[in-house]
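Undergrad: The structure that follows is given in the form of structure tokens.
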Amino acid sequence: MTPPLRQIAEHIRENDNFLVLSHVSPDGDALGSMLAMGELLAALGKRVTLFNESGIPHRFEWLAPKREILTQLPAEEPDTIIVLDCGGPERTGQIIKPWMEAKTVINIDHHLGNPLFGNLNWVEQRASSVGEMVGMLARALDVPLVGLLGEYVYLALISDTGDFCFNNTRPETLEMAAEILRLGLLPGPFHEQKQSTGTLSQLQMRGTVLHQARLHADGRISLIAFTRELFERTGTGPEDTEGLVNTVLYVRGVQVAISLREEKEGIKFSLRSKGSTNVQAVAARFGGGGHRNAAGGNLIMDMERAKETMVRAVTEELDRP
Ligand code: 5GP
Ligand code: MN
Numbered sequence: 001m002t003p004p005l006r007q008i009a010e011h012i013r014e015n016d017n018f019l020v021l022s023h024v025s026p027d028g029d030a031l032g033s034m035l036a037m038g039e040l041l042a043a044l045g046k047r048v049t050l051f052n053e054s055g056i057p058h059r060f061e062w063l064a065p066k067r068e069i070l071t072q073l074p075a076e077e078p079d080t081i082i083v084l085d086c087g088g089p090e091r092t093g094q095i096i097k098p099w100m101e102a103k104t105v106i107n108i109d110h111h112l113g114n115p116l117f118g119n120l121n122w123v124e125q126r127a128s129s130v131g132e133m134v135g136m137l138a139r140a141l142d143v144p145l146v147g148l149l150g151e152y153v154y155l156a157l158i159s160d161t162g163d164f165c166f167n168n169t170r171p172e173t174l175e176m177a178a179e180i181l182r183l184g185l186l187p188g189p190f191h192e193q194k195q196s197t198g199t200l201s202q203l204q205m206r207g208t209v210l211h212q213a214r215l216h217a218d219g220r221i222s223l224i225a226f227t228r229e230l231f232e233r234t235g236t237g238p239e240d241t242e243g244l245v246n247t248v249l250y251v252r253g254v255q256v257a258i259s260l261r262e263e264k265e266g267i268k269f270s271l272r273s274k275g276s277t278n279v280q281a282v283a284a285r286f287g288g289g290g291h292r293n294a295a296g297g298n299l300i301m302d303m304e305r306a307k308e309t310m311v312r313a314v315t316e317e318l319d320r321p
């Protein structure tokens with residue numbers, strides 16, 4: 001067992017009152033690992049509050065978690081804050097900030113360049129997902145990955161590995177998934193629920209964006225863009241962009257896919273790469289972060305400038321000797 005894992009397991013055994021949070025605009029790993037941590041702590045008889053500044057996105061409402069996810073600070077102050085899937089302290093959002101200074105913070109994460117902002121830090125870049133790390137913690141604390149705990153870990157595993165297709169899928173990841181299936185999870189219905197959460201207008205909006213996809217840098221970069229005008233015209237929103245960036249890696253010869261999305265202020269960018277191309281390095285240049293093959297961040301500029309800026313930065317990374 002790695003030393004941070006052992007220390008965190010001990011800290012959990014010895015303390016009682018926890019607040020568990022994950023990054024703003026949570027994805028399947030952020031939600032899965034947070035909900036799994038909630039089940040794990042509850043199984044150990046601990047008091048636990050779940051917190052996420054953005055709340056639960058519509059596409060995850062099917063999870064119908066029985067434990068509430070707070071979007072405001074609870075009245076009762078916890079002893080310990082467990083921060084999950086946050087590559088940096090800014091990813092926790094604004095509301096929790098005062099408590100991040102005042103409480104014991106446990107930072108459990110798998111992003112490149114995590115600055116170890118907690119009092120206890122367990123950062124495992126090789127872990128497929130933070131959900132996989134919560135699964136390891138459950139084993140260390142002798143809690144089986146059964147029922148909801150198993151489901152939530154499984155959600156995190158499939159979300160961050162692209163259904164066990166990405167490079168971060170390790171033998172250990174598949175062994176954990178196998179353990180969860182052995183304990184009763186049915187993958188067919190679970191994947192079906194996770195995949196079929198959209199509406200016709202969301203599907204058509206995504207079709208429009210794909211139709212307008214463009215190639216750059218001699219076909220090595222594909223780019224898609226979501227504008228506010230398109231959201232308004234189609235009755236859709238930022239949440240409905242999820243995952244489409246992976247689809248544009250489809251084009252033969254493309255090494256990096258860029259997705260740009262107009263926000264109230266500026267542009268949110270998402271990058272995906274094949275092979276050894278490091279998009280985390282590109283995102284980090286603009287104050288963002290992530291992993292070698294999946295990264296993101298924000299640009300304070302308009303869409304046209306953002307296109308030029310990202311295409312140039314990615315081309316530089318591709319041309320690096
Ligand atoms: P996505 O493109 O799906 O939003 O995110 C891809 C990866 O990049 C995820 O691991 C996510 O945590 C990370 N990421 C996305 N946006 C940001 C950001 O603004 N800052 C940092 N540090 N990481 C980000
Ligand atoms: Mn993650």
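Note that the sequence shown ends on residue 321 in the working numbering; no numbers are left out.
Backbone N, C-alpha and C fix where the C-beta goes; we use that ideal spot for every residue, glycine too.
Every value quoted in this text rests on a predicted model; they were computed, and no experiment measured them.
Please state whether the Cβ-Cβ distance between T227 and S201 is less than 8 Å.
TA: Indexing the sequence shown from 1 puts residue 227 at position 227. Indexing the sequence shown from 1 puts residue 201 at position 201. No.
Undergrad: Using alpha carbons as the reference points, say which of E229, H11, S33 and E61 lies closest to L21.
TA: Within the sequence shown, numbered from 1, the residue matching residue 21 stands at position 21. Answer by Cα proximity: S33.
Undergrad: Considering Cα atoms alone, identify which of L44, L70 and A313 is closest to I56.
TA: Reading the sequence shown from its first residue, position 56 is the one you call residue 56. The shortest Cα separation from I56 among L44, L70 and A313 belongs to L70.
Undergrad: From G118 to G28, what distance separates their C-alpha atoms?
TA: Counting from 1 along the sequence shown, the entry for residue 118 is found at position 118. Counting from 1 along the sequence shown, the entry for residue 28 is found at position 28. Spanning the two alpha carbons is a distance of roughly 23 Å.
Undergrad: Is the beta carbon of L20 within less than 7 Å of some heavy atom of the ligand MN?
TA: Locating residue 20 in the sequence shown gives position 20, counting from the first residue. For clarity, residue 20 is Val in the given sequence; the question names Leu instead. Incorrect: V20 has no Cβ contact closer than 7 Å to the ligand MN.
Undergrad: Tell me A257's beta-bridge partners as DSSP assigns them.
TA: As a first step, residue 257 is located in the sequence shown; it is residue number 257 there, counting from the start. In the DSSP output, where bridge partners are listed per residue, A257 has S222 and R272.
Undergrad: In angstroms, rounded to a whole number, what distance separates the CA positions of M370 and E242?
TA: Absent from the structure is residue 370, since the part of the chain shown begins at 1 and ends at 321.
Undergrad: Residues in its own chain within less than 6 Å of L141 by CB, not counting five upstream and five downstream?
TA: As a working note, residue 141 is residue 141 in the sequence shown. So the list reads A9, once near-sequence residues are dropped.
Undergrad: Hey, is N298 close to the ligand 5GP, as in C-beta under 7 Å from one of its heavy atoms?
TA: The count along the sequence shown starts at 1 and reaches residue 298 at position 298. At least one heavy atom of the ligand 5GP is nearer than 7 Å to the Cβ of N298, so yes.
Undergrad: Any heavy atom of the ligand MN closer than 7 Å to the Cβ of G129?
TA: In the sequence shown, counting from the first residue as 1, residue 129 sits at position 129. In the sequence on display, residue 129 carries Ser and not Gly. At least one heavy atom of the ligand MN is nearer than 7 Å to the Cβ of S129, so yes.
Undergrad: Below 7 Å CB to CB, which residues in the same chain sit around L183 once its five sequence neighbours on both sides are set aside?
TA: Within the sequence shown, numbered from 1, the residue matching residue 183 stands at position 183. Closer than 7 Å at the Cβ level, and outside the excluded window around L183, lie P144, L145, V146 and G150.
Undergrad: Any beta-carbon of chain C closer than 8 Å to the one on R91?
TA: The chain inventory of the structure shown lacks chain C, comprising one protein chain alone.
Undergrad: In chain order, which continuous runs of the beta strand (DSSP E) of length 3 or greater are located wholly inside the region 87-153?
TA: DSSP runs (the beta strand (DSSP E)) wholly in the region 87-153: 104-109 and 120-123.
Undergrad: Between H216 and L223, is the Cβ-Cβ spacing less than 8 Å?
TA: Within the sequence shown, the letter at position 216 stands for residue 216. Within the sequence shown, the letter at position 223 stands for residue 223. The answer is yes: Cβ separation under 8 Å.
Undergrad: What does the alpha-carbon distance come out to for the pair K307 and E39?
TA: Taking the first residue of the sequence shown as position 1, residue 307 is located at position 307. Taking the first residue of the sequence shown as position 1, residue 39 is located at position 39. Rounded to the nearest angstrom, the two C-alpha atoms are 42 Å apart.
Undergrad: On the three-pair Cβ rule with 8 Å, is the region 45-64 touching the region 107-122?
TA: No contact exists between the region 45-64 and the region 107-122.
Undergrad: So, at 6 Å on beta carbons, what are the nonlocal neighbours of F231 in its own chain, with the 5 sequence-adjacent residues on each side left out?
TA: In the sequence shown, residue 231 corresponds to position 231, counting from 1. Within the same chain, F231 has close Cβ partners G237.
Undergrad: Would you call the region 79-91 and the region 61-70 touching, i.e. three or more CB-CB distances under 8 Å?
TA: The answer is no - the region 61-70 does not touch the region 79-91, with fewer than three Cβ pairs under 8 Å.
Undergrad: Is there contact between the region 262-275 and the region 289-299, where contact requires at least three CB pairs shorter than 8 Å?
TA: The region 262-275 is in contact with the region 289-299.
Undergrad: What first and last residue would you give for the alpha helix (DSSP H) that runs through I8?
TA: In the sequence shown, counting from the first residue as 1, residue 8 sits at position 8. Where I8 is concerned, the enclosing alpha helix (DSSP H) stretches over P3 to E14.
Undergrad: How many angstroms separate the CA atom of M136 from the CA atom of Q204?
TA: In the sequence shown, the residue the question calls residue 136 occupies position 136. In the sequence shown, the residue the question calls residue 204 occupies position 204. So the two alpha carbons sit approximately 40 Å from each other.
Undergrad: How should F18 be labelled, buried or exposed, when 16 other C-beta atoms within 10 angstroms of its C-beta is the threshold for buried?
TA: Numbered from its first residue, the sequence shown carries residue 18 at position 18. Classification of F18: buried, given that the 10 Å Cβ count is 16 or more.
Undergrad: Taking V311 as the reference, give the member of R220, G287, V83 and G275 with the closest Cα.
TA: Sequence index remark: in the sequence shown, residue 311 carries index 311 (1-based). For V311, the nearest C-alpha among the options comes from R220.
Undergrad: Under the rule that 16 or more other beta-carbon atoms within 10 Å means buried, what is H111, buried or exposed?
TA: Counting from 1 along the sequence shown, the entry for residue 111 is found at position 111. That one is buried.
Undergrad: What I want to know is whether the C-beta of R261 ends up closer than 7 Å to one or more non-hydrogen atoms of the ligand 5GP.
TA: Numbered from its first residue, the sequence shown carries residue 261 at position 261. Not under cutoff, so the answer is no.
Undergrad: How many Å lie between P4 and K194 at the Cα?
TA: For the purposes of this step, residue 4 is identified with residue 4 of the sequence shown, where counting begins at 1. For the purposes of this step, residue 194 is identified with residue 194 of the sequence shown, where counting begins at 1. When rounded, the distance between both Cα atoms is 32 Å.
Undergrad: Assuming F190 contacts Y152 under a Cβ cut-off of 8 Å, what Cβ separation, rounded to an integer in Å, is found between them?
TA: Counted from its first residue, the sequence shown places residue 190 at position 190. Counted from its first residue, the sequence shown places residue 152 at position 152. No, F190 and Y152 are not in contact; Cβ-Cβ is about 11 Å, not under 8 Å.
Undergrad: Does the ligand MN have even one heavy atom less than 7 Å from the beta-carbon of H11?
TA: The sequence position of residue 11 within the sequence shown is 11, counting from 1. H11 Cβ: outside cutoff for every heavy atom of the ligand MN.
Undergrad: Count the other C-beta atoms from every protein chain shown that fall within 10 angstroms of the C-beta of T199, then say buried if there are 16 or more, exposed otherwise.
TA: Here residue 199 refers to the residue found at position 199 when the sequence shown is read from its first residue. Under this definition T199 is an exposed residue.
Undergrad: Helix, strand or coil: which one does DSSP assign to A75?
TA: Within the sequence shown, the letter at position 75 stands for residue 75. DSSP places A75 in coil when its eight states are reduced to three.
Undergrad: In terms of residues, what are the limits of the alpha helix (DSSP H) holding S22?
TA: Position 22 of the sequence shown holds residue 22. Unbroken run through S22 is the beta strand (DSSP E), N17 to S22; no alpha helix (DSSP H).
Undergrad: Less than 8 Å between the C-beta atoms of R292 and T197, yes or no?
TA: Locating residue 292 in the sequence shown gives position 292, where the first residue counts as 1. Locating residue 197 in the sequence shown gives position 197, where the first residue counts as 1. Contact: no.
Undergrad: Got a sec: does the ligand MN put a non-hydrogen atom nearer than 7 Å to the Cβ of D85?
TA: Locating residue 85 in the sequence shown gives position 85, counting from the first residue. Flag set: Cβ of D85 near the ligand MN.
Undergrad: Can you have a look at M133 and say buried or exposed, based on whether 16 or more other CB atoms are within 10 angstroms of its CB?
TA: The count along the sequence shown starts at 1 and reaches residue 133 at position 133. With 16 or more Cβ atoms within 10 Å of its Cβ, M133 is classed as buried.
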